[in-house]
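*Asks:* The structure is given below, and queries will be raised subsequently.
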Amino acid sequence: MSIHSERGGTFSQEPNNSRHPILDETDRLIIQLLQADARMPNNAIAAAAGVAPSTCHGRIRSLQDRGIIRGFHADVDPAAVGRGLQALIAIRLHAHARANLTEFEKYLAGLPAVESIFFVTGDRDFLIHVAVADSGALRELVAANLSLRPEVAGTNTTVIFEYIRPTESSPAA
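Counting in the numbering used here, the sequence shown runs from 656 upward without gaps.
Here you go:
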């Protein structure tokens, strides 16, 4: 099936994933360039992709509208802003609480220490990446916030010694 975009261009939908249409080579290149440097100017992206700046701008807007580009953000080192202790906390919910996952997700998202939230399979329901000032703040987060929630059956905390984000120069696995 082909769909014509109001911003120009036609794309096909994948039969097994209608939420994200198949991307053409220009879209893929634009995404690759933005992943490498989200601050890259539109005219530089356009030149690298071989399209006019207005076309490039339209494609980026379309990628955003379609939910493929979810946002642009600054990657800040938590230690530089006083949150040098990072951990992964696995959370298991009581069976009856699974009916209100959205509410619990909103609660987690509202905690200032939470960097990322993962809804996972296995014997745990959520895995959250947190960054806090020190071990006291981590203990407070787990003992006074998470463990006291009525829907939480248990937690398991793993301290992160080092967080390494792969870059383009990193060898592929």
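Even glycine gets a Cβ: it sits at the ideal position worked out from N, Cα and C.
1) Over what stretch of residues does the beta strand (DSSP E) that includes ILE744 continue unbroken?
2) Using 10 angstroms around the beta-carbon of SER717, count the other beta-carbons present and answer buried if the total reaches 16, otherwise exposed.
3) Identify which residue in ASN800, VAL706 and VAL785 has its Cα closest to the Cα of GLU680.
4) At 3 residues or longer, what runs of the beta strand (DSSP E) sit wholly inside the segment 739 to 819?
5) Residues in its own chain within less than 8 Å of PRO609 by CB, not counting five upstream and five downstream?
6) On a Cα-Cα basis, can you pick out the residue from THR810, LEU796 and PRO805 that is closest to LEU740?
7) DSSP state of ILE700, grouped into three classes?
*Replies:* Judging by the given coordinates:
1) Taking the sequence shown and counting its residues from 1, one reaches residue 744 at position 89. Taken as a continuous stretch (DSSP letters only), the beta strand (DSSP E) holding ILE744 covers 740 to 748.
2) Your numbering for residue 717 matches position 62 in the sequence shown. Result: buried.
3) Within the sequence shown, the letter at position 25 stands for residue 680. Taking only the C-alpha atoms, the option nearest GLU680 is VAL706.
4) 740 to 748, 769 to 774, 781 to 787 and 807 to 815
5) Residue numbering for the chain in the displayed model covers 656 to 828; residue 609 lies beyond these limits and cannot be assessed.
6) Residue 740 sits at position 85 when you count from the first residue of the sequence shown. Selected option, being the one with the closest Cα: LEU796.
7) Taking the first residue of the sequence shown as position 1, residue 700 is located at position 45. Correct three-state label for ILE700: helix.
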